[in-house]
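Accompanying notes for the structure given below.
Numbering (our numbering), first residue to last: 40 to 483.
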């Protein structure tokens with residue numbers, strides 16, 4: 040094999056070179072800020088190793104958003120405090136949502152590799168601490184810390200994957216990312232149920248340490264010395280206000296919806312109205328601030344949190360909304376199906392987790408179909424509409440399941456319909472978002 044086969048060589052850039060979005064990888068700058076290709080080529084074995092390790096970190100971080108769904112009964116039995124048990128799930132989700140964009144911005148200033156490695160360290164250390172927790176309060180606190188590390192793994196994956204990958208592989212890798220997210224979310228309750236029944240619920244967290252230590256160590260040596268997608272951005276150029284507003288808006292919204300769902304507050308209670316008003320105000324100010332940054336030359340040095348040109352991009356925002364709504368449906372399914380099985384069908388943790396297998400398998404198939412159908416030609420409009428129809432039908436038929444102790448056979452088919460739509464939607468939306476962001480290299 041000659042050198043050309045073993046290396047991914049950057050092309051020479053001339054005055055007639057292709058747009059920045061088609062530039063070779065990796066890059067060490069951004070448009071308007073001395074964008075230059077890194078002249079050190081990445082060996083194929085090194086590229087594959089990096090992508091596999093980062094993808095493994097994404098799987099672990101996303102799986103932990105749902106792994107406790109079938110373990111909450113075991114956790115509350117050991118510690119008591121059944122009313123606080125849902126916070127084991129919620130604390131991770133809140134810190135995950137609140138820190139994702141903030142960590143992505145910090146990586147602009149600190150560099151991608153250090154932030155990636157430290158995200159692994161925080162995630163693994165917090166996972167081990169979760170397994171060693173002696174009280175429910177400790178477990179909730181360690182889960183919040185674990186969510187910070189998980190947010191970093193998610194953010195770095197979404198930034199690094201398209202930036203170091205050859206352009207011809209980006210559609211396929213984007214579909215793989217969608218598949219990883221879907222499978223990780225659905226497999227979490229299954230793995231959690233198995234460990235809670237045949238070992239101990241603590242192993243659901245210790246497992247992260249045993250598995251995650253391998254890619255974290257490998258990445259320390261596999262990542263090139265100057266491994267970053269862009270040149271470092273000075274801290275004074277970061278959009279701190281935008282990051283704070285986005286954190287407040289998302290965390291408060293998720294928090295109050297969860298509190299209403301567990302009937303801690305009513306929709307019409309003063310607490311609910313106040314938190315929703317604060318969240319809505321934060322969203323409104325965030326949008327105004329991003330618009331203001333785009334219209335004020337004196338603030339041009341600030342690297343906007345969510346640039347106005349993205350917020351006003353019709354295709355991207357439609358895809359983002361599709362992903363958010365699909366995520367809502369997916370989480371409702373993977374949390375409520377095993378919970379319903381334990382309460383209505385009197386299943387244990389293992390059986391209730393196994394009941395998600397049709398959803399998991401169909402999600403994998405849907406992710407593959409969605410990515411394959413749209414990877415060669417832009418068929419994302421039709422694919423997303425078809426996926427939404429499958430999800431709509433799946434939710435409708437799942438709602439008519441009988442309240443009998445015995446699980447009906449048709450439930451397996453209903454889950455398959457829903458899972459196929461979820462998988463197709465996530466992989467297609469990820470592919471579409473990557474394609475759009477490729478036109479905005481500094482924001483991918």
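Cβ atoms here follow ideal geometry from the backbone N, Cα and C, with glycine treated the same way.
Computed from a predicted model, the values in this text were never measured in an experiment.
Around the Cβ of residue i, are there at least 16 other Cβ atoms within 10 angstroms (buried) or fewer (exposed)?
i	result
residue 102	buried
residue 399	buried
residue 339	exposed
residue 204	buried
residue 302	exposed
residue 260	exposed
residue 109	buried
residue 465	buried
residue 360	exposed
residue 116	exposed
residue 193	buried
residue 163	buried
residue 336	exposed
residue 273	exposed
residue 355	buried
Could you tell me which residues DSSP pairs with residue i in its beta bridges?
i	result
residue 124	The partner list for residue 124 (beta bridge, DSSP) is empty, contrary to what the question assumes.
residue 342	277
Taking the C-alpha atoms as reference points, what is the distance between residue i and residue j?
i	j	result
residue 462	residue 118	36 Å
residue 446	residue 436	15 Å
residue 282	residue 135	14 Å
residue 393	residue 229	6 Å
residue 15	residue 308	Since the displayed the chain opens at 40 and closes at 483, residue 15 lies outside it and no answer follows.
residue 175	residue 124	8 Å
residue 226	residue 329	37 Å
residue 299	residue 374	16 Å
residue 114	residue 188	22 Å
residue 94	residue 207	19 Å
residue 333	residue 443	57 Å
residue 441	residue 431	19 Å
residue 198	residue 383	43 Å
residue 318	residue 293	10 Å
Thinking just about the alpha-carbon of each residue, which of the options is nearest to the one in residue i?
i	options	result
residue 470	351, 322, 210, 317	210
residue 457	227, 207, 214, 365	365
residue 467	434, 426, 444	426
residue 327	315, 311, 388, 347	347
residue 286	184, 163, 140	140
residue 236	154, 389, 421	389
residue 129	182, 167, 86, 172	182
residue 131	333, 454, 190	190
residue 353	420, 396, 407	420
residue 411	168, 85, 212, 147	212
residue 291	178, 106, 322, 245	322
residue 239	324, 172, 122	172
residue 438	296, 161, 376, 195	376
For residue i, which residues from the same chain have a beta carbon less than 7 Å from its beta carbon, with the 5 sequence-adjacent residues on both sides left out?
i	result
residue 71	Because the pLDDT at residue 71 is just 36, under 50, the model does not fix this residue reliably, and the value given afterwards should be weighed accordingly. Excluding sequence neighbours, residue 71 sits near nothing in its chain.
residue 98	219, 223
residue 88	257, 261
In chain order, what residues of the same chain have a beta carbon less than 6 Å from the beta carbon of residue i, not counting five sequence neighbours either side?
i	result
residue 289	136
residue 413	419, 422, 467, 470
residue 258	92
residue 397	451, 454, 455
residue 234	242, 243
residue 170	241, 244, 245
residue 255	159
Counting only the same chain and skipping the five closest in sequence on each side, list residues whose C-beta sits under 8 Å from that of residue i.
i	result
residue 221	369, 402, 403, 405, 406, 461, 462, 465, 466
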